[in-house]
Every structure is written in C-alpha cells, then in structure tokens.
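Taking it in order: structure first as structure tokens, then the write-up.
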Amino acid sequence: MTDTPMNETPMNETPTRDAIARRTVLVATGATAATLAVGAAASGASTAPTTDTAPVAAAAVCTLTKEMTEGPYYLDGQYVRADITEGKTGFPLKLALSVVDDDTCATISNALVEIWHCDALGEYSGYVGNNGHNEPDSGTFLRGGVLTDSSGVARITTVYPGWYIGRCVHIHVKVHVNVTLTSDGSFTGGTELHTGQLFFDETVTAKVGALSPYSANTVTRTTLAQDGIYDDGGAASGLLTLTALGSSPSAGYSGTLTLGVER
28 MTDTPMNETP MNETPTRDAI ARRTVLVATG ATAATLAVGA AASGASTAPT TDTAPVAAAA
88 VCTLTKEMTE GPYYLDGQYV RADITEGKTG FPLKLALSVV DDDTCATISN ALVEIWHCDA
148 LGEYSGYVGN NGHNEPDSGT FLRGGVLTDS SGVARITTVY PGWYIGRCVH IHVKVHVNVT
208 LTSDGSFTGG TELHTGQLFF DETVTAKVGA LSPYSANTVT RTTLAQDGIY DDGGAASGLL
268 TLTALGSSPS AGYSGTLTLG VER
C-alpha cells in the first residue's frame, strides 16, 4: 500500500474518528510563544501557569490545533522501549517530546508516547516492499514508545526517517494514558488522547537526503509545501525543533516538541 500523489489525501490517511470533537494542542515556546502571548493578551486569554507546570510549559502558550491522520501503517501492541532503531541504518535522531494538559499547561507524567515511521528507504516494518525495496522485516523496527517522566517528557532514540511515494518526511505519534505494561515489553488498555504527525525542516531534510543511506532512496521526495497532510502550521502542526548533534548531518539531530492534549 502506498500513498497517493502529493496533492491528494493519501489512501487510508483519513481523519481520526473524533478529530473534530476532540481538541488537541501543541505548545509553542520561545519566540513563537511570545508572539502568541500578544494575541492572547489582546483577547483577554489567561496564560498563567499552574503550580505543577514544568518551566518550559509554564512559559508557553497553549494553541489549539487539529489532529493529524493515523495513516495506513499503524500496528497495535508495539514495545515500550527508549530505543526503537533495531540496528536500522540512518542518522541518529534523539526525540524529547513533552506532553501537557491543554487546559492548564500542566505536564502529564506516565503518558505513553508512541511513534512509528519508515526507514531510510521509505519502508515501514510490517509492510516492507511497499516502497519497492526488499529487506528483512521484523514487524517492529522503528516502532515503539516510552512513558513520560516526572517532567512530562518522553525521550526516544531512533533514526532520521526516509520518505515514500506521495508523503513528506514525517513520524507518526500517539499519546495514551492509563496503559498497562505487559510482561512481553508491550502495553494494553488505556485511553488514546492524541494522534498526530511530526514533521522536519526542509533545509535539514535536503542535507540528510543527499547522503548515504538516504541517497539510495530513489523515490521522488515530496516536500512540506507539496504534502497533502502537513498544513504549514509550524509547531502548531507538528514541526519539530531540530538541533544538530555535530558538524555533519551524519552526526544526527535532536528533535523537540511539546504536545498538548485534552484529558
């Protein structure tokens, strides 16, 4: 199964069942937060933090945004683990994803942040071959998640994603609460609060894509501007803040974002 051309909604990437009824937010920080704070003040909105809010969340402004689609490649029952690479080649990506309550900006601990994405050649585990490559398929590579810590942060190590037909570079993400960890390293139950996608700066992606192993992916890459899912909303639409871990793209990147959810 592959996504459709860039100006159409990809196959099966339809809105989640209650995307309109359920609110989710992303928290803007730094300069973006300052800009939004002016608008909030003008409208009489309160940005005062609660007492149990972490410093980053306390300085932020909660901004409502729509959910992104789950897509066709989700698999239930993935591992709870901090490193999801399973030896996959690619440039290191160290994610730090914060989860906060959209009403108060208070951080949420013990929320399971689950991600999944394709490898450098655009293949998803469990669906290898859909992007035209033949490689071993564990059904679990580049899938999994962790519980947020006492500061509401989930730290996950993976590799910079590749791309496949009709989509820009992205990572899928879900946020669950009240899950039960299982003896086989997975999880069950709980409540799903958010389904979204994480996106990458085009300048960084172009540098990454020019180098091996990404350069072996001969599928024409869809850009952010061409993508049918990303709506050019920046952090409010899942655009990560990327920081280089070294002088070369091969050294990898850290990626940060604060996800706000309605409990």
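First residue of the sequence shown: 28, per the working numbering; consecutive thereafter. A virtual CB, placed ideally from N, CA and C, is assigned to each residue, including glycine.
- Just checking my contact of residue 284 with residue 124 at CB under 8 angstroms: how many whole Å lie between their CB atoms? Residue numbering aside, residue 284 sits at position 257 when the sequence shown is read from its first letter. Residue numbering aside, residue 124 sits at position 97 when the sequence shown is read from its first letter. Indeed, because the Cβ distance is near 6 angstroms, the residues count as touching under 8 angstroms.
- Message: Across the stretch 190 to 208 and the stretch 138 to 148, are there enough close Cβ pairs to call them in contact, namely three or more that are closer than 8 angstroms?
- Response: yes
- Task: Please report how far the alpha carbon of residue 130 lies from the alpha carbon of residue 215, in whole angstroms.
- Result: As a first step, residue 130 is located in the sequence shown; it is residue number 103 there, counting from the start. As a first step, residue 215 is located in the sequence shown; it is residue number 188 there, counting from the start. Near 27 angstroms, if we compare the C-alpha coordinates of residue 215 and residue 130.
- Query: Is the beta carbon of residue 107 sitting closer than 9 angstroms to the one on residue 179?
  - Reply: Locating residue 107 in the sequence shown gives position 80, where the first residue counts as 1. Locating residue 179 in the sequence shown gives position 152, where the first residue counts as 1. Cβ distance not < 9 angstroms, so residue 107 and residue 179 don't count as in contact.
- Message: Quick test of your reading: residue 151 and residue 100, contact by CB under 8 angstroms. State the CB separation rounded to the nearest angstrom.
- Response: In the sequence shown, the residue the question calls residue 151 occupies position 124. In the sequence shown, the residue the question calls residue 100 occupies position 73. Confirmed, about 4 angstroms.
- Mind checking who residue 214 pairs with in its DSSP beta bridge? Locating residue 214 in the sequence shown gives position 187, where the first residue counts as 1. Bridge partners of residue 214: 208.
- Query: Looking at the structure shown, is residue 236 part of a helix, part of a strand, or coil, going by DSSP?
  - Reply: Locating residue 236 in the sequence shown gives position 209, where the first residue counts as 1. Residue state, collapsed to three classes: helix.
- Alpha carbon of residue 120 to alpha carbon of residue 207, nearest angstrom: Taking the sequence shown and counting its residues from 1, one reaches residue 120 at position 93. Taking the sequence shown and counting its residues from 1, one reaches residue 207 at position 180. Computed Cα separation, rounded: 27 angstroms.
- Message: What does the alpha-carbon distance come out to for the pair residue 280 and residue 112?
- Response: Within the sequence shown, the letter at position 253 stands for residue 280. Within the sequence shown, the letter at position 85 stands for residue 112. Those two C-alpha atoms are separated by around 15 angstroms.
- Message: Is residue 141 a contact residue of the ligand MN, with contact defined as CB to any heavy atom under 8 angstroms?
- Response: You won't find the ligand MN in this model; it holds no ligand whatsoever.
- Query: In this structure, what does DSSP give as the bridge partners for residue 184?
  - Reply: Taking the sequence shown and counting its residues from 1, the one referred to as residue 184 is at position 157. According to DSSP, which records beta bridges pairwise, residue 184 is partnered with 110, 121.
- Please classify residue 97: does DSSP put it in a helix, a strand, or coil? For the purposes of this step, residue 97 is taken as residue 70 along the sequence shown, with counting starting at 1. Residue 97 falls in the coil class under three-state DSSP.
- Message: Does the contact criterion of 3 or more C-beta pairs under 8 angstroms hold for the stretch 220 to 228 versus the stretch 261 to 276?
- Response: Output reads yes: the stretch 261 to 276 touches the stretch 220 to 228.
- Please state whether DSSP places residue 219 in a helix, a strand or coil. Along the sequence shown, one-based indexing puts residue 219 at 192. Residue 219 sits in a strand when the DSSP states are folded into three classes.
- Message: Once the 5 residues before and after residue 173 are set aside, which same chain residues still bring their CB inside 8 angstroms of it?
- Response: For this step, residue 173 is matched to residue 146 along the sequence shown. So the list reads 107, 108, 109, 139, 140, 181, 182, 183, once near-sequence residues are dropped.
- Task: Give the range of the beta strand (DSSP E) segment to which residue 281 is assigned.
- Result: Taking the sequence shown and counting its residues from 1, one reaches residue 281 at position 254. Residues 280 to 288.
- Message: What residue range does the beta strand (DSSP E) around residue 260 cover?
- Response: In the sequence shown, residue 260 corresponds to position 233, counting from 1. For residue 260, there is no enclosing beta strand (DSSP E), since its DSSP letter is neither H nor E.
- Message: So, for residue 105: in the same chain, excluding its five sequence neighbours on each side, which residues have a beta-carbon less than 6 angstroms away from its beta-carbon?
- Response: The residue labelled residue 105 in the question sits at position 78 within the sequence shown. If we look at residue 105 and ignore the five residues flanking it on each side, its Cβ neighbours are 170, 171.
- Between residue 243 and residue 164, what straight-line distance do the alpha-carbon atoms span, to the nearest angstrom? Stepping through the sequence shown from its first residue, residue 243 is reached at position 216. Stepping through the sequence shown from its first residue, residue 164 is reached at position 137. Distance between the alpha carbons of residue 243 and residue 164 is about 18 angstroms.
- Under the DSSP definition of a beta bridge, which residues are partnered with residue 160? Reading the sequence shown from its first residue, position 133 is the one you call residue 160. Looking at the DSSP assignment, residue 160 forms no beta bridge with any residue, so it has no partner.
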